[in-house]
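Visitor: Once you've had a glance at the structure underneath, I'll fire off some questions.
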Amino acid sequence: MSQFVLHLAAALLPLLAVTSAAAPDQVETTQIDTINIDTNHTNTNQSLCQQISLALPHRVSRPGSSNYTSMLSEYYTEDERDRYLHDAGVRNGNSKAPQFAFRSGGHSFFAGAANINGGVTVDLRSLDSFKLSADQKTASLGGGSRWSHNVYPNLEPYNLAVAGGRLQGVGVGEFVTGGGLNFLGRRDGFACDNIYGYEVVLASGKVVYASATSNRDLWLALKGGSNNFGIITRFDLKTFPLHDMREGYLQFNVTPTVLEDHAVAWANFMKLEKFDELALWEGNLAWTAGSWTILDFLNYAAPDPAPAAYAEVMAMPGQVANTLVVTNVTTIVEEYSQTDSSHVNRAVQMNYSFKAGDASIFSQIIQSFTDAVEPLKKINGLVWTMLIKPFPVTNGTNSFGLEPNVKDRVLVNIAGAFNDVEDHDTVLTTLEALFKKHVQIVTDAGLFVSYTYLNYAGLNQEPIKSYGNMATLQAVSKKYDPRGIFQKAVPGPWKLF
């Protein structure tokens, strides 16, 4: 775990000597607290800690303090709290140099995403400002905002929404810089496709604004580039008129007939002639507490009580629960979160994408997934899940290298959660074997899409490399971070060099 946690109203970097903000005249910039660190004599985390503690005595939480303990308890997984896995972020840097981590929500599965062992974790969650533009078309969010905390509740009085996260506690920063799967994705793409601009603190300490017209290369790189370029202190997002949605889930007990019915229904739902930009169907097949279940989350971005897009699954026999209602986005996020643990002990995951095929493809994917759980059933606290959902229809303004306006892509995420660290290798090995089998199924059918979604990626995957534009992202890194601070001193598994 980190040596201490720093609570700032803005970002902190090893070389903080902040200059005036370089942003368009019409863009207001955040007041940035500055600390001048003597980097010539700061070659260890301990000496850095001493300097920061002297400069900001009331914003530092040390191990053993109530604030420090509370911060650790709010990470999504035990992995991130106790740091039992290797620190993936230090591998490229000088182990004696000061190391930093930055946290907006802390909802990642694995250790090292938003925390660091022996270094400084900067908790950005006090950067939770919200401002709606006069024309109500832009929401400006502080870099530590969380969707359910200060975004959706502030938009609801105006009957507005943004393309944002679907679970409580998810931070805007971690979500958007990885892409952002959202309720409106089939119409409006990834969350990052809807970012007008970012206010960013660079490694030099300079504050810049990145948009389609200012620092455009950085604007695009931040859309999927994770924590490789700077610390985002404000996001300017496009808003959408949205009062209520039809949402909820259907629950099914699992039988061979129910599984086959789902394979057919998913294949039909993804047919281009049946495409409905407002209809999102997320199917979650899970082995938990010793039995199988299916939760079909059906979210329709309009208050339609009976969308035609869901007719087939609605008529499917075997339902044991139906929570479908017309309600607001905040309530939807609350319900989603009730079906997902607020914390898990250990977890591993992997994801892949493919062009939708016929029912036989879905049947093979389902069958191999259910077969794979057999050697894992005795593992303490096992939750074995597979999520199948439509891919966002991107507009192409991101770093993913995906063809714009494609409507028949599917994303599959497979994951295993468990209680004991001793079971990690067993679960991961099983997951990797299943992943290879799934990729082979869709590859043999000519349907595989070589893109890995960063926010669902496993440590053994290379999502940024899957974009196919590594040279471009490396050039952006060299331009805005020539000393490679974000490659060497900031953790994270997916670095550019």
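The end of the sequence shown is residue 500 by our numbering, with every number in the run present. All residues carry an ideal CB built from backbone N, CA and C; glycine is no exception.
Measuring CA to CA, which of Leu385, Lys498 and Lys491 is closest to Lys468?
Guide: Lys498
Visitor: Ser214 bridges to which residues according to DSSP?
Guide: Gly200
Visitor: Can you tell which of Asp220, Gly461 and Trp269 has the C-alpha that lies nearest to the C-alpha of Thr432?
Guide: Gly461
Visitor: Do Val179 and Ala194 have their beta-carbon atoms positioned less than 9 angstroms apart in this structure?
Guide: Cβ atoms of Ala194 and Val179: closer than 9 angstroms.
Visitor: From what residue to what residue does the alpha helix (DSSP H) around Asp239 run?
Guide: Counting along the chain, no alpha helix (DSSP H) covers Asp239; the unbroken beta strand (DSSP E) around it starts and ends at Ile234 to Lys241.
Visitor: DSSP has Met353 in a bridge; who is on the other side?
Guide: Ile417
Visitor: Looking at C-beta atoms only, is the number of pairs between the region 449-464 and the region 233-250 that lie closer than 8 angstroms three or more?
Guide: With a cut-off of 8 angstroms, the region 233-250 and the region 449-464 do not count as touching, because too few Cβ pairs lie within range.
Visitor: Report yes if the C-beta distance between Leu414 and Gly228 is below 9 angstroms; otherwise report no.
Guide: no
Visitor: Any idea what DSSP makes of Arg169, helix, strand or coil?
Guide: In the structure shown, the three-state DSSP call for Arg169 is coil.
Visitor: Measuring CA to CA, which of Asp126, Leu127, Val165 and Tyr483 is closest to Phe135?
Guide: In the sequence on display, residue 135 carries Leu and not Phe. Ranking the options by Cα distance to Leu135, first place goes to Val165.
Visitor: With contact counted as at least three CB pairs below 8 angstroms, one residue from each stretch, are the region 394-407 and the region 194-209 in contact?
Guide: yes
Visitor: Would you report the Cα separation of Ala268 and Asp279, rounded to the nearest angstrom?
Guide: 15 angstroms
Visitor: For chain D, is any of its Cβ atoms less than 9 angstroms away from the one on Asn401?
Guide: Although the question refers to chain D, the structure presented lacks it and comprises just one protein chain.
Visitor: I'd like the span of the beta strand (DSSP E) that includes Gln322, first residue to last.
Guide: Gln322 to Asn325
Visitor: So, helix, strand or coil for Val493, using DSSP?
Guide: Correct three-state label for Val493: coil.
Visitor: Beta strand (DSSP E) containing Ser294: first to last residue?
Guide: Ser294 to Tyr303
Visitor: Cα-Cα, which of Leu437, Leu450 and Ser151 is closest to Arg128?
Guide: Ser151
Visitor: Taking the continuous alpha helix (DSSP H) assigned at Trp222, which residues delimit it?
Guide: Arg219 to Ala224
Visitor: Grab me the residues of Val261's own chain with a C-beta within less than 6 angstroms of its C-beta, minus the 5 sequence neighbours each way, in chain order.
Guide: Within the same chain, Val261 has close Cβ partners Phe255 and Gly321.
Visitor: Taking 6 angstroms as the limit between beta carbons, can you name the residues of its chain near Ala436, skipping five residues before and five after?
Guide: none
Visitor: Contact between the region 380-389 and the region 471-491 is defined here as three or more beta-carbon pairs at a separation below 8 angstroms; is this criterion met?
Guide: no
Visitor: Taking all protein chains shown into account, decide if Thr216 is buried (16 or more other Cβ within 10 angstroms of its Cβ) or exposed.
Guide: exposed
Visitor: In three-state DSSP terms, what is His265?
Guide: helix
Visitor: Which whole-angstrom value describes the C-beta separation of Ala304 and Leu245, a residue pair presumed to lie in contact below a C-beta threshold of 8 angstroms?
Guide: 7 angstroms
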